[in-house]
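A quick write-up on the structure given underneath.
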């Protein structure tokens, strides 16, 4: 397990893909499961590579993702 945890609030996501594209470590990929609005929120696939830079969190227009330190 890495030092950081990627938390995605799926109901807020509109599948813009900004978080996936901006991540320098390619921690996220587009998910397969649609939310209630039909959008597919991203899922962490390489969470152990997350450096906690929070670019995804800062650039998400829907506040659908945030980074927290692992416990």
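In this note's numbering, the protein residues as written are 88 to 158.
For each residue, glycine too, the CB sits at the ideal point set by N, CA and C.
None of the values given here were measured: they were computed from a predicted structure.
- Across the structure, residue 119 and residue 107 are spaced so that their CA atoms are roughly 14 Å apart.
- Within its own chain, the residues whose Cβ lies closer than 7 Å to the Cβ of residue 157, once the five positions on either side in sequence are excluded, are 88, 89, 90, 91, 92, listed in chain order.
- In terms of CA proximity to residue 101, 126 leads the group 153, 139, 126.
- Judged by DSSP secondary structure, residue 142 falls within the alpha helix (DSSP H) whose first and last residues are 142-146.
- Counting along the chain, the unbroken alpha helix (DSSP H) around residue 105 starts and ends at 105-109.
- Linking residue 121 to residue 111 through their CA atoms gives a straight-line distance of about 25 Å.
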